[in-house]
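Down below is the structure, laid out as structure tokens.
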Amino acid sequence: MKKSSLIGLLLIWLVFISGCIGGVKEKAVEEAKEKAESMIESYSQSLTQTYTEETPTETEEVTETNTETVYATWGNPWDLTKPVKINGKSYYITYIKYRFKVRSEEGGEIYEYIVEKRRGKTKIHVYGMEIDFQTGEKKKVDLGEFEVYEYYGKITPVKSKEMDKPLEVVSWSQNTDNINSQFFAYPVVSGLEAGGPDIVGIKMTYGDQKYEAYNPLAVGKMEYTPYVEGDLNWYGNIADIQNMYMAFFTMTSFGIWGAFIEENLYEKSSGTWGYLGYQYNYEIDPDGTVSIGGHSFKVSNTKWSYVFGNIQGQGRAVIAPNLPIPIEAEGVFVGQGANYYTYIKIEDLGFEKA
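The sequence shown maps to residues 96 to 449 in the numbering used here.
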């Protein structure tokens, strides 16, 4: 594996542990960072000799022929800002239906959800606040109809800890190349980027709990202030949402995804790198095709395990090289007082020609 990729994995680990789980003293973080950097320097030469130094920017197209297997890496994992190639044609993924399972503590209940994500162009009315200079009175103003790019997310509980109804989040932006497009790939919903300059507005609904906000600046109406209706206190208090975030990001942050953008997924192989208490292992096993969303994808079964000090994890995933998101993935993360199990599976996909 490239030195840069290993550094990235280590930095993700440090940021995650210090920023998300908590409980790690600053001194401990610095000591861990020093150990990681020392290990990188000591073994960078052997690592770069073992793993390729070139990372393809695009996955190879899947072809249903009897010719010899082509080389294919997993390009742009978890990034849906770029189109995917299927049989020589380019498509944007515009709809994803996930099945999501999570366990947030050792021996605890496993909860299950259906997560749907959808994106595409639409038109909405944008609102702003106007303040009367003389009286200081604030008034809601309809600024007109605008074409926007809509990102829709819905979580429907199947078996939940607290959720007893669906949660819907709609976010509108002026373009597709922003945090919304990146977040679209994830089997969680988010409205936390509502303050970005490209975000036109957001609407969140959970039963009778609602939140709505619009940003006039994003549509060039600088003389108006943002319009907000409702509050978000209820959103942060839903334990199911918190557990889904933590479970998903522990799996993706500590998964072995970085190796799969450098290895040939059409060839059976295995690898390991690291030193003593800092080690990653993985396997790749090509395994036929899977049909989903009206297309067939050649897939590989992958497995990984890792130990990072007192943090350990294992996982597996079914990956199609030309899909940036795994068709199925499962993993467990244990360490720093946390114990998360995560399972995601794509049940349907929707495509639109690029």
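Even for Gly, the Cβ is constructed at its ideal location relative to N, Cα and C.
Taking residue i as the reference, which of the options has the closest Cα?
i	options	result
A167	G239, Q337, Y208, K393	K393
F343	D326, G302, E423, G296	E423
A449	P416, I188, P172	I188
R198	P416, V385, I336	I336
N332	T347, G369, K256, E318	K256
W169	G239, P416, A433	P416
K447	E207, R213, Y208	Reading off the sequence shown, one finds Glu at residue 447, where the question assumed Lys. For E447, the nearest C-alpha among the options comes from R213.
I219	E225, G239, A334	G239
I441	Y190, G432, I379	Y190
So, residue i versus residue j, is the Cβ gap smaller than 9 Å?
i	j	result
W267	Y281	no
P292	Y309	no
D382	S391	no
F349	G408	yes
G426	T345	yes
K249	E211	yes
Y361	V165	yes
To which residues of the same chain is residue i closer than 8 Å at the C-beta, ignoring the five residues directly before and after it?
i	result
K122	Summary for K122: the model assigns pLDDT 40, below 50, so the residue's position carries little reliability; its value from the coordinates is reported in the next sentence. Contacts found: none.
W173	Q277, A280, Y281, T347, W352, P419, I420
Y340	V283
Just to check, is the beta-carbon of residue i closer than 8 Å to a non-hydrogen atom of the ligand SAH?
i	result
E447	Judged by which ligands are present, the structure shown has none, so any question about the ligand SAH falls away.
Please go through the same chain and pick out, in chain order, the residues whose beta-carbon is closer than 7 Å to the beta-carbon of residue i, but skip the five residues on each side of it.
i	result
A412	T397, P421, E423, A424
G302	K260
G325	K305, Y306, E307
G388	D443, L444, G445, F446
V314	V221, L238, F241, V295
K120	Only weak support is given to the placement of K120: the predicted model assigns it a pLDDT of 30, under 50, and the value that follows is read from those uncertain coordinates. There are no such residues.
Name, in chain order, the residues that DSSP records as bridge partners for residue i.
i	result
A424	A412, I439
I387	H390
L444	I191
E248	Rather than Glu, the amino acid found at residue 248 in this sequence is Gly. According to DSSP, which records beta bridges pairwise, G248 is partnered with K212, V264.
S36	As displayed, the chain neither begins before 96 nor continues past 449, which places residue 36 out of reach and without an answer.
E242	K218
I333	Paired residue(s): none; I333 is not in a bridge.
Y401	Y375, G408
V61	The structure shown does not extend to residue 61, since the chain spans only 96 to 449, so no value can be given for it.
For residue i, I'd like the list of residues in its chain whose CB is within less than 6 Å of its CB, leaving aside the five on either flank, ordered along the chain.
i	result
I439	Y193, F195, P282, A424
T217	E245
I226	K233
I406	G430
N376	T367, S400
Only counting runs of 3 or more residues, tell me where the beta strand (DSSP E) segments fall wholly within the segment 336 to 384, in order along the chain.
364 to 370
Within the segment 250 to 317, ranges of the alpha helix (DSSP H) (whole runs, at least 4 residues)
274 to 278
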